[in-house]
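Right, one structure below, let's go through it.
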Amino acid sequence: MSITIDKLGERELDILKELGNIGAGNAATALSQILARKVDMNVPQVKVYNVTDVPELLGGAENIVVGVLLKMFGDLQGNIMFLLPEDSARKLLGMMVGQEVEDVTDDMSRSAIMEVGNIIASSYLNSLSFFSELTLIPSTPAFAYDMAGALLSAVLFEVSELSDQVVLIETDFSGNGEAIKGHFFVLPNLESLNALLKLVVAKVDGK
Amino acid sequence: MENNVIKVGMADYKVGSAPAKLITLGLGSCIGITLYDKRKKAGGMAHIMLPKNNTKDQNSLKFADTAITLMIKDLEKMGLNKRNMEAKIAGGAQMFSFGKSDQLNSIGSRNAIAVKEILKENNIRIVAEDTGGNKGRTIELDLDTGKLRIKTIGQGETYI
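Residue numbers (full-length UniProt numbering), protein chains in the order written: chain A, 1 to 207; chain B, 1 to 160.
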């Protein structure tokens, strides 16, 4: 059984959403521990997008964002990306270091943001790993500060070689009244998405 | 958006003539290709994501080869001749770096190589280029002058 993205049914999307939910919940817990304050994550959205519409998702392709990218290795391959609009990145850094942060791209800001990306991605992969019994390993994080479209294209091309559509597992979070908007995307490549769904559908069906 | 600005999305191309401008936003590893005929003050802009089309869909504008070929055909329909077209290319950056080893093989540089090959096969001269690096680019082609404006974050604007 192979699944092409445009044929994903409600059921498959629900399963991905539930996996996203568990992962995002863990990631929120980890994040609230580093920040020592409550962090709320919204129930993840799992949606099928046309690849070409994705760069417009974060307020336009030219919108400036801070991004952390981790590659997913092991039994599944793909990309995990964490994007923050610049003002949200500044607020998040302020919470972490306890004072106003001017430059979101200096060495300290970079490593702090990369560490947040690392923790979120690792806790996400941990719960996915636990549920699917697959071995999933994140790469070291890479940092960028640039236009949203440019950063998103850096991961979209892998999926778009074979598909005009992409499944995004997308979570927003906010921290303790501070309106921090973070976007967390999981993009398994097509083969991995198929493998994951096959395995999880079988598990849910008790086979 | 000002009048006469024609927006080109990701995996798309558009053609037009003066006084219009063609613009595409946030090129990362993607490449923007412009073809321009200064006598006719007309041209086109493509925004490609991948080098070569190995799919059965021969209309997919994601790929450099199909997008450029289809754009040339559209420009020819407008009365432009390939011999008078000049190309400019920008983009092909590597937005995230995981160390030096993956730089040579990055999708940005593979895109740039493919675009140059396809233009060469069509005997279209590249008169200016701004590719590589690690910065996103927004590009705008003024169909009146043929100038290509390139905007990057933190490095301002340049014209090629």
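Think of the CB as a built atom: it goes at the ideal place given N, C-alpha and C, for glycine as much as any other residue. Quick caveat, the model's predicted, so the values are computed rather than measured.
CB contact flag (residue i, residue j, <8 Å)
{"i": "alanine 87/B", "j": "leucine 61/B", "result": "no"}
{"i": "methionine 71/B", "j": "alanine 90/B", "result": "no"}
{"i": "phenylalanine 98/B", "j": "serine 32/A", "result": "no"}
{"i": "isoleucine 33/B", "j": "lysine 82/B", "result": "no"}
{"i": "threonine 52/A", "j": "alanine 42/B", "result": "no"}
{"i": "alanine 93/B", "j": "glycine 132/B", "result": "yes"}
{"i": "asparagine 42/A", "j": "leucine 187/A", "result": "no"}
Where the alpha helix (DSSP H) containing residue i begins and where it ends
{"i": "isoleucine 113/B", "result": "107-121"}
{"i": "aspartate 148/A", "result": "In the sequence under discussion, the amino acid at residue 148/A is alanine, which differs from the aspartate named in the question. 148-160 is the span of the alpha helix (DSSP H), which, as asked, contains alanine 148/A."}
{"i": "leucine 92/A", "result": "86-97"}
{"i": "valine 204/A", "result": "190-204"}
{"i": "glycine 136/B", "result": "Where glycine 136/B is concerned, there is no enclosing alpha helix (DSSP H), given that its DSSP letter is neither H nor E."}
Range of the contiguous beta strand (DSSP E) that encloses residue i
{"i": "alanine 67/B", "result": "Here alanine 67/B belongs to no beta strand (DSSP E); instead the alpha helix (DSSP H) covers 64-77."}
{"i": "serine 17/B", "result": "12-17"}
{"i": "isoleucine 89/B", "result": "86-91"}
{"i": "glutamate 10/A", "result": "It is not in any beta strand (DSSP E) - glutamate 10/A instead sits in the alpha helix (DSSP H) that spans 10-35."}
{"i": "valine 127/B", "result": "125-131"}
{"i": "lysine 7/B", "result": "5-7"}
{"i": "phenylalanine 73/A", "result": "64-74"}
CB contact below 8 Å: residue i versus chain B
{"i": "isoleucine 3/A", "result": "Because isoleucine 3/A sits at a pLDDT of 48, beneath the cut-off of 50, its placement in the model cannot be relied upon, and the following sentence gives the value as read from the coordinates. False, the Cβ-Cβ gap to chain B never drops below 8 Å."}
{"i": "proline 55/A", "result": "yes"}
{"i": "leucine 69/A", "result": "yes"}
{"i": "valine 51/A", "result": "yes"}
{"i": "isoleucine 22/A", "result": "no"}
{"i": "isoleucine 113/A", "result": "no"}
{"i": "isoleucine 120/A", "result": "no"}
{"i": "isoleucine 64/A", "result": "yes"}
Cross-chain neighbours of residue i in chain A, by beta carbon under 8 Å
{"i": "leucine 50/B", "result": "Phe157, Ser160 and Glu161"}
{"i": "glycine 43/B", "result": "Neighbours of glycine 43/B on chain A: none; closest Cβ ~22 Å, over 8 Å."}
Chain A contact for residue i (CB, 8 Å cutoff)
{"i": "serine 109/B", "result": "no"}
{"i": "lysine 62/B", "result": "yes"}
{"i": "methionine 1/B", "result": "With a pLDDT of only 48 at methionine 1/B, under the threshold of 50, the placement of this residue in the model should not be trusted, and no figure is reported."}
Chain-ordered neighbours of residue i on chain B, where CB pairs are closer than 7 Å
{"i": "alanine 61/A", "result": "Leu25 and Gly26"}
Listed by chain order, chain A residues near residue i by CB distance under 7 Å
{"i": "isoleucine 68/B", "result": "Within 7 Å Cβ-Cβ: nothing; isoleucine 68/B doesn't reach chain A, min ~17 Å."}
Under 9 Å from the C-beta of residue i: neighbouring residues of chain B
{"i": "isoleucine 169/A", "result": "In chain order: nothing, as chain B lies at least about 19 Å away."}
Chain-ordered chain A contacts of residue i [CB-CB under 9 Å]
{"i": "glycine 9/B", "result": "Thr52, Asp53, Pro55, Glu56 and Ala61"}
Open item on the list: Any C-beta of chain B within less than 8 Å: which residues of the stretch 138-153 of chain A qualify?
Closed with: Result list: Ser139, Thr140, Ala142, Phe143, Ala144, Tyr145, Asp146, Met147, Ala148, Gly149, Ala150, Leu151, Leu152 and Ser153.
- [ ] For the stretch 114-139 of chain B, enumerate the residues whose C-beta is nearer than 9 Å to any C-beta of chain A, in chain order.
- [x] Listed in sequence order: Asn134, Lys135, Gly136, Arg137 and Thr138.
Task: Contacting positions in the stretch 65-94 of chain B - beta carbon closer than 9 Å to chain A - done: Taking 9 Å as the Cβ-Cβ cut-off against chain A, the residues of the stretch 65-94 of chain B that qualify are Gly91, Ala93 and Gln94.
Task: Residues of the stretch 142-160 of chain B whose Cβ lies closer than 7 Å to any Cβ of chain A, in chain order - done: Taking 7 Å as the Cβ-Cβ cut-off against chain A, the residues of the stretch 142-160 of chain B that qualify are Ile153.
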